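Under the working numbering, the first residue of the sequence shown carries the number 51, and numbering increases by one thereafter. Glycine included, C-beta positions come from ideal geometry on N, C-alpha and C. Quantities reported herein were computed from a predicted structural model and do not represent experimental measurements.
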Amino acid sequence: MPAPLDRSASWPYDAAGEPGPYAYARDEQPNAVAVEEKLGSLEGGRSLLFPAGMAAVTGAVLTMLPPGGSIAVAEGAYYGHTVLFEHLRPWGINAVEFDQTGPPPAKADLILIEAPSNPMLTLPDFEAAAAHAAPVICDATLASPFRLRPLDLGCDVALHSATKVLAGHDDLLAGVITVSDDGLFDRLHRTRHLTGLVASADTAWLLERGLETAEVRIERMEASARVLAERLAAHPAVVTTRYPGFGFVVAFDVADGAAARRVETATETIVNATSLGSTHTKLESRHRWEGDRCPEGLLRLSVGLEDPEVLWGDLEQALVRA
Ligand SMILES: *Cc1c(COP(=O)(O)O)cnc(C)c1O
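See the structure below:
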């Protein structure tokens, strides 16, 4: 059962005038601690909850990247990371993209890989990343800790947008970072505390509830995604199908941007919306957000819990317009 919801921002000191385990919610909050324990045991480390995936990345980079340092970011990975680092360039954050299927650039001070990358669905070379002198953050949002544990693969930080499959219902934003090094944990915790990058009690409670079904949701979503990826690959209107062999996200390309727009707006059960990992199947063109870094005909499909035959029927009728 999720821990009882406690929305307090402040708790009374004890009779001797000393703070108890909770004093002020920017430091620690019982619902966050409860969900962090569950996330940490799934991931094999100690977890910190953040109010969004992007808050988790911000906290990690402010803590781990030396001023003026350079961060190597996987190319074809989550677009928001690249945009954030570009925005922070005036503060001395220098991002360089690299092909994560090979080794990171020698000069990097921090490495951000993604497993699998969103939306190109490549997998990093974990050995090459771990062999680099710089610390490695792995964004494993699309895999989930049920399929891939970055800390076991030599990464220093496992990162998730918990907004996606961990919460699973499109009703909250959250992020999580997990590490095994206690010193790094303390530095990340201090950044979170001082910057106020803190999730609400309601967010933590809803995420804890979502986690109760995450594994069974992923099993069902993945089984359907496998079937759909296979059928999409054989469909004459589909030019390329990207599927790493596990997980619930499939990306496929139709002829061009106009065809992608016709297909994404023709589905009936499948929702034409952004985000991924929720109970409802979603489809969207990523070129609309990412511009030239993403093929114009690429459609990202996040498979939900619906009957896979219904989903295939919907895709087939939409692909007639491609
Ligand atoms: C959505 C997403 C993020 C950003 O998370 P928010 O919760 O939207 O801030 C980061 N990485 C990946 C891979 C994502 O899909």
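Are there any heavy atoms of ligand 1 lying less than 7 angstroms away from the beta-carbon of Thr213, as far as the coordinates show?
yes
Keeping to the same chain, check which residues put their C-beta closer than 7 angstroms to that of Ala251; ignore five residues upstream and five downstream.
Leu55, Asp56, Arg57, Gln79, Asn81
Thr191 Cβ short of 7 angstroms to ligand 1 heavy atom set:
yes
If you drop the 5 nearest sequence neighbours on each side, which residues of the same chain put their C-beta closer than 6 angstroms to that of Ile320?
Thr331, Leu333, Asp364
Is Gly130 near ligand 1, judged by its Cβ being under 7 angstroms from some heavy atom?
yes
For Val215 versus Arg267, is the C-beta distance shorter than 8 angstroms?
yes
Examine the Cβ distances between the stretch 336 to 350 and the stretch 251 to 264 and report whether three or more of them are shorter than 8 angstroms.
No, the stretch 336 to 350 is not in contact with the stretch 251 to 264.
Which residues in the same chain as Thr172 place their Cβ atom closer than 7 angstroms to its Cβ, once the five residues preceding and following it in sequence are excluded?
Taking Thr172 as the centre and dropping the five residues before and after it, the same chain places the C-beta of Gly126, Gln150, Thr151, Pro166 closer than 7 angstroms to its C-beta, in chain order.
DSSP state of Ala308, grouped into three classes?
helix
Three-pair Cβ contact test at 8 angstroms for the stretch 199 to 209 versus the stretch 94 to 109
yes
Rounded Cβ spacing between Gly95 and Thr191 (contact assumed at less than 8 angstroms)
No, Gly95 and Thr191 are not in contact; Cβ-Cβ is about 16 angstroms, not under 8 angstroms.
His131 by DSSP, collapsed to three states: which one?
helix
Name the residue from Ala179, Gly142, Asn168, Gly354 whose alpha carbon lies nearest to the alpha carbon of Ala156.
Ala179
Endpoints, beta strand (DSSP E) assigned at Asp364:
Per DSSP, Asp364 belongs to no beta strand (DSSP E); it is in the alpha helix (DSSP H), 358 to 369.
DSSP state of Arg350 mapped onto helix, strand, coil
It is a strand residue.
Enumerate in chain order the residues of its own chain whose CB-to-CB distance from Pro52 is below 6 angstroms, with the five nearest sequence positions on each side excluded.
Trp255, Glu258, Arg259
Compute the minimum distance between the beta carbon of Glu126 and the heavy atoms of ligand 1, and state whether it is under 7 angstroms.
One point to set straight first is that residue 126 is Gly, not Glu, in the sequence displayed. No.
Selected residue, minimal CA-CA separation from Thr290, among Leu282, Phe296, Leu203
Leu282
Within 10 angstroms of the Cβ of Ala437, are there 16 or more other Cβ atoms? Answer buried if so, exposed if not.
There is no way to answer for residue 437, as the model of the chain reaches only from 51 to 372.
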